[in-house]
Structures are given as C-alpha cells and as structure tokens.
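First up is the structure itself, then whatever we jot down about it.
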Amino acid sequence: DEIPDELYERVMRLNMDSTFQLCRLVIPLMKKQGHGNIINVTSIAARVGGIGGSIIYGASKGAVSTFTRGLARELAPDNIRVNALSPGVILTPFHERYSTPERIAEIVKGIPMGRAGEAEDCVGAVFFLASDTMSAYVTGQIIEVNGGQLMP
Numbered sequence: 063d064e065i066p067d068e069l070y071e072r073v074m075r076l077n078m079d080s081t082f083q084l085c086r087l088v089i090p091l092m093k094k095q096g097h098g099n100i101i102n103v104t105s106i107a108a109r110v111g112g113i114g115g116s117i118i119y120g121a122s123k124g125a126v127s128t129f130t131r132g133l134a135r136e137l138a139p140d141n142i143r144v145n146a147l148s149p150g151v152i153l154t155p156f157h158e159r160y161s162t163p164e165r166i167a168e169i170v171k172g173i174p175m176g177r178a179g180e181a182e183d184c185v186g187a188v189f190f191l192a193s194d195t196m197s198a199y200v201t202g203q204i205i206e207v208n209g210g211q212l213m214p
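Numbering of the sequence shown is given in this note's numbering, commencing with residue 63 and proceeding in unit increments.
This is the structure we're talking about:
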C-alpha cells in the first residue's frame with residue numbers, strides 16, 4: 063500500500079526527530095559537567111520491521127536504535143553513556159489505539175512468558191541503565207524487555 067507523506071512525517075517526527083532534538087539539547091550540558099547518561103526508547107518493531115500497517119513505526123524505531131549506538135560511540139570519550147530500552151508488547155494506550163484485543167491475544171501466543179508486558183515491567187531495566195554504579199560500563203546497548211518474544 064501507499065504510505066501517505068503526512069503519516070511518514072508524523073511518525074518520524076514523533077520517534078526519531080524528538081529523540082534527536084532532545085539529545086541535541088542535553089549533550090552540551092552533559093559535556094560541560096563532564097558526564098551524562100541518555101536512555102532512548104526504541105521498540106521490538108525496530109528488529110522485526112514492524113507488522114502490517116506499522117512499517118514506518120518500525121523504521122522510525124530502527125533509526126532510534128542506530129542513532130543510539132552511533133551516539134554512544136561518539137560520546138563515550140566525553141564520559142556520556144547512551145543506551146536504549148526496547149520494549150515488546152506493553153499494554154499501553156498505544157496498543158489500545160493501534161491494535162485490537164484479538165491481535166494482542168494472537169501475539170501473546172508467541173511470547174514465551176505467556177503474557178503481554180505492563181509498563182512496570184520496564185522499570186527495572188530503566189533503573190539499571192540510569193544507575194551510575196550498576197551500569198557504569200554499559201553504553202551503546204539496546205536492552206530488550208519483551209518476555210522472550212524476540213531473542214538475539
């Protein structure tokens with residue numbers, strides 16, 4: 063199907079452009095203070111290419127993943143760590159809006175842990191990435207939180 067320009071631009075703006083702009087805003091401050099920690103949010107869609115109707119979403123999140131890794135390499139000498147959280151199916155208003163209960167139930171069948179995630183399932187990974195003691199030597203990583211739905 064043809065993807066309207068407006069949809070492409072809106073999704074890229076929401077996911078990649080906002081990530082880029084926020085990083086551009088905080089990096090000079092982090093360099094000035096001599097350290098920093100950026101945690102971006104990508105998605106399982108970045109690795110699977112999205113599913114029907116969400117190819118642009120997958121592409122935009124793939125861009126965030128690539129940007130995260132490149133920025134990590136570039137900023138490591140400045141003592142700035144850059145990582146990303148990559149959630150799988152997390153029950154949020156996003157899925158209520160863009161999916162159906164039937165589609166989510168079908169996806170859950172392929173998740174080894176047997177359920178969709180909740181926002182709370184991401185908290186531990188974010189705390190780990192945010193900690194200067196627990197993840198001091200972690201940069202350029204995409205931390206998957208997906209109940210085993212997609213494994214490396």
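Quick reminder that beta carbons are idealized off the backbone N, C-alpha and C, glycines included. Fair warning: this is a prediction, and the values are worked out from it, not measured in the lab.
Given a cut-off of 7 Å on the beta-carbon distance, is the pair residue i and residue j in contact?
i: S127; j: I205; result: no
i: G209; j: M175; result: yes
i: M78; j: A134; result: no
i: V73; j: S105; result: no
i: P149; j: V200; result: no
i: R109; j: L212; result: yes
i: S197; j: F189; result: no
i: K93; j: D140; result: yes
For residue i, count the other beta carbons within 10 Å of its own beta carbon; 16 or more makes it buried, fewer makes it exposed. Which is it?
i: R143; result: buried
i: P90; result: exposed
i: L147; result: buried
i: T81; result: buried
i: T130; result: buried
i: L137; result: buried
Since I believe residue j is in contact with residue i (beta carbons under 8 Å), could you give me their beta-carbon distance rounded to a whole number of angstroms?
i: I118; j: I65; result: 6 Å
i: A181; j: I101; result: About 15 Å; that fails the 8 Å criterion.
i: G96; j: A107; result: The pair is not a contact, with the Cβ atoms about 35 Å apart (cut-off 8 Å).
i: A187; j: V151; result: A187 to V151, Cβ: 15 Å. No contact.
Taking only beta-carbon positions, decide if residue i is within less than 7 Å of chain C.
i: P163; result: The displayed structure is made up of one protein chain only, and chain C is not part of it.
Jot down the residue ranges of each uninterrupted alpha helix (DSSP H) in the region 79–135, minimum 4 residues, whole runs only, in chain order. 80–95, 107–110
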